[in-house]
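0 is the number of the first residue of the sequence shown in numbering that gives the first Met the number 0; add one for each residue after it. Written below as structure tokens is the structure these notes are about.
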Amino acid sequence: MTRVELTIVPVPGHGPEDVLVDADGWVLTGTDDGSVFRIRPDGGRIDRVANTGGRPMGLEHLPDGRLLVCDATHGLLALDVRTGRTEVLAAFVHGQRIRVCNNAAVHSSGDIWFSDSSRVHPLERWRADIVEDTRTGRLLRRTPDGTVEVVLDGLGFANGVALAADESYVAVAESAGHTVRRHWLTGDRAGSTDDLLDDLPGHPDNMALGTDGLLWVAVA
Numbered sequence: 000m001t002r003v004e005l006t007i008v009p010v011p012g013h014g015p016e017d018v019l020v021d022a023d024g025w026v027l028t029g030t031d032d033g034s035v036f037r038i039r040p041d042g043g044r045i046d047r048v049a050n051t052g053g054r055p056m057g058l059e060h061l062p063d064g065r066l067l068v069c070d071a072t073h074g075l076l077a078l079d080v081r082t083g084r085t086e087v088l089a090a091f092v093h094g095q096r097i098r099v100c101n102n103a104a105v106h107s108s109g110d111i112w113f114s115d116s117s118r119v120h121p122l123e124r125w126r127a128d129i130v131e132d133t134r135t136g137r138l139l140r141r142t143p144d145g146t147v148e149v150v151l152d153g154l155g156f157a158n159g160v161a162l163a164a165d166e167s168y169v170a171v172a173e174s175a176g177h178t179v180r181r182h183w184l185t186g187d188r189a190g191s192t193d194d195l196l197d198d199l200p201g202h203p204d205n206m207a208l209g210t211d212g213l214l215w216v217a218v219a
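Take a look at the structure:
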């Protein structure tokens, strides 16, 4: 096994969730007090660029230069890191509030694929949602015209979301099911869903596509 050197960079907040590297090599993350931080790689400078007033979770880059923030309290947000201003992109789907907006991936078409972990419990009761096996998580899609639709339902605490390198499928982690589901977007299987990974030795959480083209899955 290859030995990896890790560096701990303290952040002035609790529970940094997702991490995202910007064009300048700085790292963005959100904490449980609503803060979004921008951190120099060596940890020598940490800027609080915004506070959403909720709980920022997944982060992604938007084509217009803003930061996409999955906020577990307020829904899907677009954040201008220069001004700290936020815009709500999606808070409801089919008249129902998005209860736990968790993670997202942005397609080249402008579609935003994102997860709503539970329709029963708020984020702070995630353990109860898994133990009760509510399976009310959803994979949602927001199109560029603002339409939001449910693509997959009945997921066991829907969590991390990532697109394949060729955008042939979107993957969503089911934390309660120890599974990563794959929803095909192109080819003969378009519209169908299967298991990409199953029987994982823990709860799959955030996911990201690496520069190596591999899908990286954090397992809690």
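For glycine and all other residues, C-beta sits at the position ideal for the given N, C-alpha and C. In this text the structure is predicted, and so the values were computed from the model without any measurement.
Reduced DSSP category for residue i - H, G, I as helix; E, B as strand; rest coil
i, result
"A89", "strand"
"V68", "strand"
"A170", "strand"
"E123", "helix"
"E148", "strand"
"D128", "helix"
"A221", "This structure does not reach residue 221, given that the chain is present from 0 up to 219, and the question cannot be answered."
"D204", "strand"
"P15", "coil"
"P55", "strand"
"L213", "coil"
"R137", "strand"
"R98", "coil"
"G74", "strand"
Option in the options with minimal Cα separation from residue i
i, options, result
"G153", "R44, G186, D115 and R188", "D115"
"G17", "P11, P9 and V26", "Sequence check: residue 17 is Asp here, not Gly. Comparing Cα positions, the closest option is V26."
"L19", "D211, A157 and N205", "N205"
"G212", "D165, V92 and D197", "D165"
"R39", "V119, R47 and A71", "R47"
"H106", "F91, R141 and S174", "R141"
"S117", "L139, D187 and I7", "L139"
"V92", "D79, G201 and F113", "F113"
"R65", "G209, R84, R124 and G190", "R84"
"A90", "V147, G57 and G12", "V147"
"V149", "R124, G190, T185 and E131", "G190"
"P9", "G136, R37, R96 and A219", "R37"
"Y195", "A219, A71, S108 and R180", "With the sequence shown as reference, residue 195 is identified as Leu, and Tyr is not the correct amino acid for it. Closest by alpha carbon: R180."
"A207", "V119, G109, L58 and V80", "L58"
"A163", "T185, P143 and L151", "T185"
"A173", "D197, D187 and W183", "With the sequence shown as reference, residue 173 is identified as Glu, and Ala is not the correct amino acid for it. Checked all of D197, D187 and W183; the closest Cα to E173 is D197."
Cross-strand partners of residue i (DSSP beta bridge)
i, result
"D46", "R37"
"A103", "F113"
"H60", "L66"
"D194", "R180"
"L221", "The displayed coordinates of the chain run from 0 to 219. Any statement about residue 221 would go beyond what the structure contains."
"A157", "E173"
"L250", "Since the first residue shown for the chain is 0 and the last is 219, residue 250 is missing from the structure and cannot be characterised."
"V218", "P203"
Rounded straight-line distance, which links the Cα of residue j to that of residue i
i, j, result
"D21", "G42", "15 Å"
"T1", "T178", "26 Å"
"Y168", "V87", "26 Å"
"R73", "G94", "This sequence places His at residue 73; Arg is not what is there. The straight-line gap from Cα to Cα measures roughly 15 Å."
"G145", "I45", "33 Å"
"A49", "A127", "30 Å"
"L78", "W215", "25 Å"
"G176", "H202", "8 Å"
"G29", "P200", "27 Å"
"I7", "T133", "36 Å"
"T51", "S34", "7 Å"
"E131", "R124", "11 Å"
"V119", "R98", "8 Å"
"D110", "R137", "16 Å"
"T135", "A217", "22 Å"
"R183", "T192", "The sequence shown places Trp at residue 183, not Arg. Distance between the alpha carbons of W183 and T192 is about 6 Å."
Next on the checklist: Contact between the region 156-174 and the region 101-117 is defined here as three or more beta-carbon pairs at a separation below 8 Å; is this criterion met?
Outcome noted: With the cut-off at 8 Å, the region 156-174 and the region 101-117 touch.
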